[in-house]
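Notes follow the structure.
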Ligand code: NDP
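Set out below in structure tokens:
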């Protein structure tokens, strides 16, 4: 991605300390946006924000557990005061707890619902309140929710996770509808990433082995690649470039969409 097509924009990236979130934060900054990292990983988050600041944009860190509305209010307020506005939200924070259906645990399902669904819902709530006319930022904007290819296919051992990522898809569509109809000026879209070898992605590969669905990690990864027409795992930059596009004016007439960035795995 080239050019400063997000110059002047102010972004908050949840779960931005590392992994996909950190890559999106860096790509937004390279496109000219000022960036706030929100995460529960405080030390890593501060380091990531410091690295982004070296790219020549304003950058900061705010502690943010996405399951807590009071922390959301503080994070939005810190974003507006540190960056001078707020017009991009990347709802990226998420967790995955692998389990065969026959072994599902209520506490694991509740934890995934809390982070993946409540977290995104509260993010949308607080972004809308700040970005819509009369809000603390009041310039409209763009929200990108990170769903998963798991919302579009039946992959064994991730039923609970897939359910929460399907919920992210529905949250996206209805939020986009309300924002359009009520004149908030906020576009809302989601991305369905394919498997990426981040901390979460490699944990899933290990878990697939542990539940007996692959002989070893290499076999688990090979199984995913086999299902992917473009023949490789996803990279964090694949997702970051798509997020920059959805936040840019080039996507000005795109809202309520789900964009697969999965090498064709979910087609
Ligand atoms: P990582 O686990 O590598 O990074 C996620 C980040 O979010 C971590 O810094 C994590 O902190 C943080 N986080 C976790 N819970 C919260 C919370 N309650 N509030 C704020 N931050 C939190 O994950 P990825 O980068 O791989 O994944 C990012 C997103 O992409 C997730 O929504 C995931 O579901 C989605 N995704 C990932 C895929 C993959 O293959 N990796 C594929 C498809 C979608 P901590 O480490 O302390 O938990």
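Residue numbers (the numbering used here): 44 to 310. No residue lacks a Cβ here, since even glycine has one placed at the ideal position from N, Cα and C.
Handout entry: Check whether residue 160 and residue 210 have beta carbons under 8 angstroms apart
Key = yes
Problem - Length at least 3, wholly inside the segment 129 to 194: the beta strand (DSSP E) runs in chain order - result: 131 to 134 and 184 to 189
Handout entry: Where residue 163 falls, given that 16 or more other Cβ within 10 Å makes a residue buried
Key = buried
Practice task
With hydrogens ignored, establish whether the beta-carbon of residue 199 is closer than 7 angstroms to any heavy atom of the ligand NDP.
Solution key: No, the beta carbon of residue 199 sits no closer than 7 angstroms to any heavy atom of the ligand NDP.
Handout entry: residue 262, DSSP secondary structure in three states
Key = helix
Problem - Three-state secondary structure assigned by DSSP to residue 204 - result: helix
Exercise for the section: Taking only heavy atoms of the ligand NDP into account, decide whether any of them is closer than 7 angstroms to the Cβ of residue 260. Expected result: no
Exercise for the section: May I have the straight-line CA-CA distance separating residue 219 from residue 229, to the nearest angstrom? Expected result: In a straight line, the C-alpha of residue 219 is about 8 angstroms away from that of residue 229.
Problem - Three-state secondary structure assigned by DSSP to residue 254 - result: coil
Handout entry: Where residue 44 sits in the DSSP three-state scheme
Key = Bear in mind that a pLDDT of 44 at residue 44, under 50, signals an unreliable position, so the model cannot answer this.
Problem - Own chain partners of residue 45 with C-beta closer than 7 angstroms, once the 5 adjacent residues on each side are dropped - result: Residue confidence is low: residue 45 scores 49 on pLDDT, short of 50, so the model does not pin down where it sits. No coordinate-derived value is stated.
Exercise for the section: Determine contact between the segment 249 to 260 and the segment 76 to 83, defined as no fewer than three beta-carbon pairs at a distance below 8 angstroms. Expected result: no
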